[in-house]
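Working notes, beginning with the structure itself.
Encoded structure:
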């Protein structure tokens with residue numbers, strides 16, 4: 167009995183020791199697990215990326231310090247679902263990636279954007295299986311990387327655009343062998359080679375270098391100066407044509423391998439033009455020499471011609487003085503003679519009308535005397551016209567202008583010309599408006615203009631001619647029309663009617679009337695106006711002249 171009790175006590179003591187050992191081992195295991203977990207958590211916290219543990223349903227299990235410190239996650243995430251934290255589209259994307267990761271057991275990667283207090287940011291999530299229905303998500307902010315990628319893409323696009331759109335040929339080749347890896351369209355057009363014929367071949371294989379030493383010189387210049395600018399070389403096209411080009415080159419690195427970027431500018435036409443210019447310059451130099459010889463003779467010829475011209479000018483001036491003397495002598499002396507004849511003839515006419523023909527001492531009929539008087543009057547009028555024209559050419563026509571009512575002035579002039587109209591059985595229809603303005607005019611000169619215009623029509627038409635006179639105000643000018651119902655004339659005659667000209671003796675328009683028409687234009691132009699005549703088919707002529715208001 168005592169032995170049984172001792173054994174029972176001994177067994178209990180041994181069991182207690184075993185329990186103590188098991189507890190100690192469990193505690194050691196727990197300590198190790200806690201240390202491992204702390205170590206694991208420290209590693210997670212040391213990683214700069216955000217790390218989350220998520221369930222299949224999208225619930226947050228844990229996260230590292232970086233994730234806890236994110237500005238967009240100000241509240242605790244543990245136990246919450248991604249659909250309550252992330253935007254709907256991002257949450258849907260993440261839920262799909264979680265399920266795909268768990269179903270495939272493979273690493274899954276996705277990118278998304280989130281709005282944060284710092285603006286819209288880009289993130290990359292990498293998901294792996296970390297347990298049963300559990301994934302580990304490593305989230306990295308890739309905003310800077312994305313911006314760098316965009317910048318690089320833009321730069322690449324700009325370079326590609328400049329490369330392809332450049333009017334100059336551009337090529338990229340390996341520095342070591344000179345093997346082409348890229349050429350632009352301008353290179354293809356200039357060389358004549360298709361792009362497939364050039365890529366992965368060297369310039370030596372294509373026989374492009376006319377002088378193979380040019381490439382060696384170019385590489386030497388690159389090594390010594392770093393760049394090549396506008397070096398002239400000769401290239402051979404596919405057709406065999408030789409072109410002259412200016413080459414600029416720099417060394418660039420692509421994937422760590424040095425390459426040669428070459429820009430070629432075709433100057434063949436410019437060089438040809440320079441040659442032509444030099445030839446032209448030489449030809450011009452020869453011409454200048456010939457011109458110098460000719461100038462020596464030309465100066466002597468010019469001096470001789472100048473002396474001859476001066477002599478001719480002196481002769482013309484002398485002839486002009488003789489003409490003036492003759493005109494003055496003829497006009498004044500002949501005018502005096504004509505006036506004397508007129509006085510004698512008029513005196514004879516008066517006496518012949520007072521005494522009968524039987525008592526008359528002069529056996530000359532009255533009609534002859536009248537004709538002689540008319541002839542002398544015409545000669546006197548022509549002489550007066552000559553004197554007026556000579557005065558106009560020597561000096562400005564002298565006008566005695568005064569401010570007069572234009573309508574009343576024309577009516578008075580028509581009344582003064584009534585004897586002439588009655589003699590030719592002609593009438594004047596006055597259509598002048600009653601409210602015509604005042605004008606500055608020389609009444610005597612203006613009456614002579616109307617007399618000459620009416621005389622022209624009366625002399626070129628049979629008796630019974632009818633005139634219509636009218637006037638309008640246009641653009642600060644008063645325009646007067648005198649229309650007859652007589653014969654017409656050609657447009658060429660209308661254009662030169664008021665020119666100074668000497669008519670043929672057999673011409674219907676005498677020189678006397680031509681002088682009068684020329685004098686009309688001089689008078690009107692001296693007033694600051696214009697004068698002309700228009701031809702109306704089957705309606706006669708219309709004279710017109712303008713005067714400034």
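In the working numbering, the protein residues as written are 167 to 715. Here a beta-carbon is modelled for each residue, glycine too, at the ideal position from N, C-alpha and C.
Residue 245: first and last residue of the uninterrupted alpha helix (DSSP H) it sits in: For the purposes of this step, residue 245 is taken as residue 79 along the chain shown, with counting starting at 1. Here residue 245 belongs to no alpha helix (DSSP H), and DSSP marks it neither H nor E.
Pairwise C-alpha distance: residue 591 and residue 689: Locating residue 689 in the chain shown gives position 523, where the first residue counts as 1. Locating residue 591 in the chain shown gives position 425, where the first residue counts as 1. The straight-line gap from Cα to Cα measures roughly 28 Å.
Measure the C-alpha to C-alpha separation of residue 273 and residue 227 and round it to an integer number of angstroms. As a working mapping, residue 273 is identified with position 107 in the chain shown. As a working mapping, residue 227 is identified with position 61 in the chain shown. Using only the alpha carbons, I get a separation of about 19 Å.
By DSSP's criteria, residue 424 is part of a beta bridge. Which residues make up the other side? Start at 1 with the first residue of the chain shown, and residue 424 comes out as number 258. In DSSP, residue 424 forms a bridge with 419.
Identify the residues that DSSP records as bridge partners of residue 397: which are they? The residue you call residue 397 lines up with position 231 of the chain shown. Paired residue(s): 413.
Residue 478 classed as buried or exposed, judged by whether at least 16 other C-beta atoms fall within 10 angstroms: Reading the chain shown from its first residue, position 312 is the one you call residue 478. Residue 478 comes out exposed.
Is residue 682 buried or exposed, if buried means 16 or more other CB atoms sit within 10 Å of its CB? Start at 1 with the first residue of the chain shown, and residue 682 comes out as number 516. So residue 682 counts as buried.
Between the Cα of residue 353 and the Cα atoms of 340, 713, 428, which residue gives the shortest distance? To locate residue 353, count along the chain shown from 1; it is residue 187. Ranking 340, 713, 428 by Cα distance to residue 353 puts 428 first.
Nearest to residue 431 by alpha carbon, out of 700, 363, 336? In the chain shown, residue 431 corresponds to position 265, counting from 1. Among 700, 363, 336, the Cα nearest to that of residue 431 is on 336.
Which residues does DSSP pair with residue 684 in a beta bridge? Along the chain shown, read from residue 1 onward, the residue named residue 684 stands at position 518. For residue 684, which the question treats as bridged, DSSP gives no partner whatsoever.
Assess contact between the stretch 463-470 and the stretch 372-383, defined as three or more Cβ pairs (one per stretch) separated by less than 8 Å. Is contact present? no
On the DSSP bridge list, what partners appear for residue 636? On the chain shown, position 470 is the one that residue 636 refers to. Its beta-bridge partners are 647.
Classify residue 596 as helix, strand or coil using the three-state DSSP reduction. Along the chain shown, one-based indexing puts residue 596 at 430. Correct three-state label for residue 596: strand.
Tell me whether the beta-carbon of residue 634 lies closer than 9 Å to the beta-carbon of residue 597. As a first step, residue 634 is located in the chain shown; it is residue number 468 there, counting from the start. As a first step, residue 597 is located in the chain shown; it is residue number 431 there, counting from the start. The answer is yes: Cβ separation under 9 Å.
Measure the beta-carbon distance from residue 267 to residue 301 and round it to whole angstroms, keeping in mind my assumption that it falls under 8 Å. To locate residue 267, count along the chain shown from 1; it is residue 101. To locate residue 301, count along the chain shown from 1; it is residue 135. Contact flag correct, Cβ pair sits at about 5 Å.
So, do the stretch 360-367 and the stretch 387-399 have three or more beta carbon pairs nearer to each other than 8 Å? no
Beta-carbon contacts of residue 608 that lie in its chain and below 7 Å, excluding the five residues immediately before and after: Taking the first residue of the chain shown as 1, we reach residue 608 at position 442. Only 565, 566, 567 meet the Cβ criterion.
Tell me, to the nearest whole angstrom, how far the beta carbon of residue 220 is from that of residue 264; I am working on the premise that it is less than 8 Å. Sequence index remark: in the chain shown, residue 220 carries index 54 (1-based). Sequence index remark: in the chain shown, residue 264 carries index 98 (1-based). Sure, about 6 Å apart at Cβ, within 8 Å.
Residue 708 bridges to which residues according to DSSP? Residue mapping note: residue 708 aligns to position 542 of the chain shown, counting from 1. Its beta-bridge partners are 649, 700.
Going by DSSP in three states, residue 465 sits in which element: helix, strand or coil? The count along the chain shown starts at 1 and reaches residue 465 at position 299. Reduced to three states, the DSSP call for residue 465 is helix.
According to DSSP, residue 340 sits in a beta bridge with which residue or residues? For the purposes of this step, residue 340 is taken as the residue at position 174 of the chain shown. DSSP, once it has assigned bridges, lists 425 as partnering residue 340.
Cβ-based neighbour list, residue 580, same chain, cut-off 6 Å, excluding 5 preceding and 5 following: Against the chain shown, residue 580 aligns to sequence position 414. Contacts found: 594.
Helix, strand or coil: how does DSSP classify residue 482 here? Within the chain shown, the letter at position 316 stands for residue 482. Helix, per DSSP.
Measure the Cβ-Cβ separation of residue 287 and residue 279 and say whether it is below 9 Å. As a working mapping, residue 287 is identified with position 121 in the chain shown. As a working mapping, residue 279 is identified with position 113 in the chain shown. Yes; because the gap between Cβ atoms is below 9 Å, this pair is in contact.
Reference residue 415, options 439, 444, 442, 383, closest by Cα: Position 249 of the chain shown, counted from the start, is the residue given in the question as residue 415. Here the closest residue by C-alpha is 383.
Express the C-alpha separation of residue 223 and residue 259 in angstroms, rounding to a whole number. Within the chain shown, numbered from 1, the residue matching residue 259 stands at position 93. Within the chain shown, numbered from 1, the residue matching residue 223 stands at position 57. In a straight line, the C-alpha of residue 259 is about 13 Å away from that of residue 223.
Is the separation between the beta-carbon of residue 715 and that of residue 648 shorter than 9 Å? Mapped onto the chain shown, residue 715 falls at position 549. Mapped onto the chain shown, residue 648 falls at position 482. No, the pair does not count as a contact, with Cβ atoms beyond the cut-off.
Compute the distance between the beta-carbons of residue 360 and residue 346, then report whether it is under 9 Å. In the chain shown, residue 360 corresponds to position 194, counting from 1. In the chain shown, residue 346 corresponds to position 180, counting from 1. Against a cut-off of 9 Å, the Cβ pair of residue 346 and residue 360 comes out as no contact.
8 Å contact criterion, which residue 309 and residue 425 should meet: CB distance rounded: Numbered from its first residue, the chain shown carries residue 309 at position 143. Numbered from its first residue, the chain shown carries residue 425 at position 259. Wrong, their Cβ atoms sit about 32 Å apart, outside the cutoff.
Given residue 686, which residues of its chain have a CB within under 7 Å of its CB, disregarding the five upstream and five downstream residues? For the purposes of this step, residue 686 is identified with residue 520 of the chain shown, where counting begins at 1. The residues are 615, 618, 619, 664, 697.
Three-way DSSP call (helix, strand, coil) for residue 254 in this model: As a first step, residue 254 must be located in the chain shown, where it is residue number 88. Three-state result, residue 254: helix.
Is the beta carbon of residue 623 less than 9 Å from the beta carbon of residue 707? Locating residue 623 in the chain shown gives position 457, counting from the first residue. Locating residue 707 in the chain shown gives position 541, counting from the first residue. The answer is yes: Cβ separation under 9 Å.
Nearest CA to the CA of residue 642: which residue from 678, 713, 575? Taking the chain shown and counting its residues from 1, one reaches residue 642 at position 476. Looking at the Cα atoms, 713 is the closest of the given residues.
Go to residue 622, then tell me how far its alpha helix (DSSP H) extends in each direction, as first and last residue. The residue you call residue 622 lines up with position 456 of the chain shown. Looking at the DSSP string, the run of the alpha helix (DSSP H) that includes residue 622 is 609-625.
Does the separation of the CB atoms of residue 269 and residue 289 fall below 9 Å? Within the chain shown, the letter at position 103 stands for residue 269. Within the chain shown, the letter at position 123 stands for residue 289. It is not a contact, given that the beta carbons lie outside the stated cut-off.
So for residue 695, helix, strand or coil by DSSP? Locating residue 695 in the chain shown gives position 529, where the first residue counts as 1. Here residue 695 sits in coil by DSSP.
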